[in-house]
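Protein chains in written order, with the numbering used here: chain A, 132 to 522; chain B, 257 to 452.
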Amino acid sequence: MKTLSISVAYMPLVDALPLIAAQELGFAEAEGIALDLVAAPSWSSVRDMLSFGRVDAAHLLSPMPVAMALGLGSVTTPLAAVSVLSANGNMIGVSRTVEQRLRDQGYGFDFGDARAAAQALAKATEGTLTIGVPFPFSMHVELLNYWLDSTGLSDPGIEIRTVPPPLMAQALRDGSIDAFCVGEPWGSVAVEQEVGALLLPGKAIWSFAPEKVLAVRSGWAETEPELLMRMMRAVWRAARWAARPESRTAAAEMLSRPGYLDVPAELIDRALTGQFIISGRGDQRNTDGHVDFFDGAANFPWRSQAKWIGSRLAHRFGLDQRQAQATAAGVFRSDLFRAALQNTGADLPGASQKLEGAIRHPTAVASLKGGLILKPDTFFDGQVFEPLDEK
Amino acid sequence: MGMSTPLSIVVVEEDRDRAIAIGDALRSSGDCEVHVIVDTSGLARKIAAHAPDIVLIDYDNPTRDMLEELTLASGPLERPVAMFVSGAAGGLAQAAVEAGVSAYVVDGLRPERIKPVIDTAVARFQMVRQMRTELAETRRALEERKVIDRAKGLVMKAKGVNEEQAYMLLRKTAMDQGRRVADVAEALVTASGLLS
Chain A
132 MKTLSISVAY MPLVDALPLI AAQELGFAEA EGIALDLVAA PSWSSVRDML SFGRVDAAHL
192 LSPMPVAMAL GLGSVTTPLA AVSVLSANGN MIGVSRTVEQ RLRDQGYGFD FGDARAAAQA
252 LAKATEGTLT IGVPFPFSMH VELLNYWLDS TGLSDPGIEI RTVPPPLMAQ ALRDGSIDAF
312 CVGEPWGSVA VEQEVGALLL PGKAIWSFAP EKVLAVRSGW AETEPELLMR MMRAVWRAAR
372 WAARPESRTA AAEMLSRPGY LDVPAELIDR ALTGQFIISG RGDQRNTDGH VDFFDGAANF
432 PWRSQAKWIG SRLAHRFGLD QRQAQATAAG VFRSDLFRAA LQNTGADLPG ASQKLEGAIR
492 HPTAVASLKG GLILKPDTFF DGQVFEPLDE K
Chain B
257 MGMSTPLSIV VVEEDRDRAI AIGDALRSSG DCEVHVIVDT SGLARKIAAH APDIVLIDYD
317 NPTRDMLEEL TLASGPLERP VAMFVSGAAG GLAQAAVEAG VSAYVVDGLR PERIKPVIDT
377 AVARFQMVRQ MRTELAETRR ALEERKVIDR AKGLVMKAKG VNEEQAYMLL RKTAMDQGRR
437 VADVAEALVT ASGLLS
């Protein structure tokens, strides 16, 4: 069988692991394909490379293809999110100045209570709180807005500003931001450079947020279904490997190479184990499953997750809710995910959408093989998102 | 076209000399005002202050994501900026992206006004990119030479051999281990630093 090459653009982040492992560990080869991985300098360039055909697939922030389908932002090529590459994995942190003000109030940095963190942060803020995020269409922005809206933290005045992740530590140092929400390893890099402290993992706001997706052009999905399915299977098997605790050491070493993330393996290991050093004082906090690559059907692109994103974007940009949710749902291609993984041993859920935020404990659900257990997907404020019906 | 006001172009380029070269090339290609932004902190705000028709930025510049905020500006007085490629003249845009230029263009600008700007920018950015690659390679070669010289010195002292023999030994080790001479030299220099 001739090996066919598929070019894939990615941003050098811990959650690019399933793509990198699919190529490095032979999961791609087993499907008769090779992934030609192209590191990108910015999310805009990942999007453009995919939109204009320089690559055929990409690691994307989950809201990006939804925003494009809604006509938001500068490029609107129709894309298909064929699987979720990871759930959670973002980190919220603050500058040393804000950290000190929080400590002066007696705040304990519990690393879990989102409401208490917001209250403490509101008290520690004088004037406007400027928060750095990697991209305007990102789970980072959606989580921050959700958190700010339902805690009243937006009252002191919040400015959310785009800062490329590798420049986040510098922006904290020069005072152009007071806080950040960013994917690992960049939060830990800020701690290591002694310019910031970690406040909350993203999952303290939404415990099962679809973070990155594997995206292709919708047109390409139609003309190259066979290649697409092979890639999806290879990446799914790599994700299964990545989720095993015994893979962590090898995964951290692999990602740390100069060709990929080029940061020390020890920093990457923090995101994989969920054991973080949160400040220059060296205090440690643990979070269970900081980034989820596989368990609890993490890779399944739930139409209701897309609708949540669509709903939040509609709220922010004044679009029609029902229409935005319907358009968004069409981007998360649970149909293609089912088609690609039906004979692989994957346990697929019976439904393609769910209430988001209603699962409070690990819960068995109807599935192809009857063994699927979903993980808690609650929001910190206990709200449940009920997706609107599509007419 | 003769009656229209000059195009206002913003070039984002952190290297001042190159920024000036690009600006000059654009000015000579037609009727336009060129503003150069060298310091990229607060980039979106600086660009918005110029209210340009076109923004040009190197494709590899990571601060490019800051520009995406401009496309979200929704106030009635703010000028909508869209990436050029989303507009009608798709072919030109693809050429720009492939050449490594990102162009953000105000919606509704006529393609015939944009084309000379993009053509000039593509040529100039490509030249800048090539120079940058060459410079990085030269710098790396110089640094590697320095490390190899230090490693040679260490081998000469430790083994009591001359310079040529020291280099031969480094090269043989590299070949045996399937590594580059510079990498072996660097390992040696690091190790000796630890032990001294």
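Each residue gets a CB set at the ideal place from its N, CA and C atoms; glycine is no exception.
Keep in mind it's a predicted model, so treat the numbers as computed, not measured.
Cβ atoms of B/Val290 and B/Leu282: under 8 Å apart, would you say? yes
Option nearest A/Arg434 by Cα separation, candidates A/Gly405, A/Gly449, A/Leu467, A/Asp414: A/Leu467
B/Pro332 - DSSP class collapsed to helix/strand/coil: Only weak support exists for where B/Pro332 lies, its pLDDT of 38 falling under 50; the coordinates are left without a value.
Would you report the Cα separation of A/Ala489 and A/Asp512, rounded to the nearest angstrom? 12 Å
Say whether chain B places a C-beta atom closer than 8 Å to the C-beta of A/Pro265. yes
Identify the continuous alpha helix (DSSP H) that holds A/Thr293 and give its terminal residues. Careful: A/Thr293 lies outside any alpha helix (DSSP H), inside the beta strand (DSSP E) at 289-293.
May I have the straight-line CA-CA distance separating A/Ala427 from A/Trp317, to the nearest angstrom? Here residue 427 of chain A turns out to be Gly, not Ala, going by the sequence shown. The straight-line gap from Cα to Cα measures roughly 26 Å.
Roughly how far, in whole angstroms, is the beta-carbon of A/Leu386 from the beta-carbon of A/Leu148, given that I think they are within contact range, below 8 Å? 6 Å
What are the boundary residues of the alpha helix (DSSP H) that includes B/Tyr423? 419-433
Please confirm if the stretch 265-276 of chain A is in contact with the stretch 181-196 of chain A, defined as three or more CB-CB distances below 8 Å between the two stretches. yes
Burial state of A/Gln452, where buried means 16 or more other Cβ atoms lie within 10 Å: exposed
Where does A/Tyr141 fall in DSSP's three states? strand
Identify the contact partners of A/Gly204 in chain B, using a Cβ-Cβ distance below 7 Å as the criterion. Glu324, Thr327
When you compare the CB of A/Pro172 with every CB in chain B, is at least one pair closer than 8 Å? yes
Assigned exposure category for A/Thr354 - 16 Cβ within 10 Å defines buried: exposed
Please report how far the alpha carbon of A/Ser281 lies from the alpha carbon of A/Ser307, in whole angstroms. 26 Å
Collapsed DSSP secondary structure at A/Gln236 in the structure displayed: coil
Of all the residues that make up the stretch 294-324 of chain B, which are near chain A by a beta-carbon distance shorter than 8 Å? Ser297, Gly298, Ala300, Tyr315, Asp316, Asn317, Pro318, Thr319, Arg320, Asp321, Met322, Leu323, Glu324
Using 8 Å for Cβ pairs, my map puts A/Ala211 next to A/Leu330. What's the rounded Cβ distance? The Cβ separation is near 35 Å, so there is no contact.
So is B/Tyr423 in contact with chain A if we call contact Cβ pairs under 8 Å? no
For the structure I just gave you, are there three or more beta carbon pairs, one from the stretch 373-384 of chain A and one from the stretch 402-412 of chain A, closer than 8 Å? yes
Please report whether the beta-carbon of A/Ser387 lies at a distance below 8 Å from any beta-carbon of chain B. no
In its own chain, which residues sit with a C-beta less than 6 Å from the C-beta of A/Phe516, not counting the 5 before and 5 after it? Trp439, Glu487, Gly488
Helix, strand or coil for A/Tyr277? Go by DSSP, reduced to three states. helix
Residue of A/Ala470, A/Tyr391, A/Arg234, A/Pro295 minimising C-alpha distance to A/Met363: A/Ala470
Three-state secondary structure (DSSP) of B/Phe381: helix
Give the secondary structure of B/Arg436 by DSSP, where H, G and I count as helix, E and B as strand, and everything else as coil. coil
Counting only the same chain and skipping the five closest in sequence on each side, list residues whose C-beta sits under 6 Å from that of A/Arg533. In this structure chain A extends from 132 to 522, so residue 533 of chain A is not present and cannot be described.
Whole angstroms are fine: how far does the CA of A/Pro480 sit from the CA of A/Gly333? 25 Å
Should A/His492 be labelled buried (16 or more other beta-carbon atoms within 10 Å of its own) or exposed? exposed
Based on DSSP bridge pairs, tell me the residues matched to B/Lys415. Note: B/Lys415 sits in no beta bridge, so no partner.
What is the rounded straight-line gap between the Cα of B/Gln433 and the Cα of A/Arg368? 33 Å
With 8 Å as the threshold, decide whether the Cβ of A/Ser435 is near any Cβ in chain B. no
Pick from B/Val266, B/Arg427, B/Arg406, B/Leu263: whose alpha carbon is nearest that of B/Gly449? B/Arg406
Environment of A/Glu357 [buried if 16+ CB atoms lie within 10 Å]: exposed
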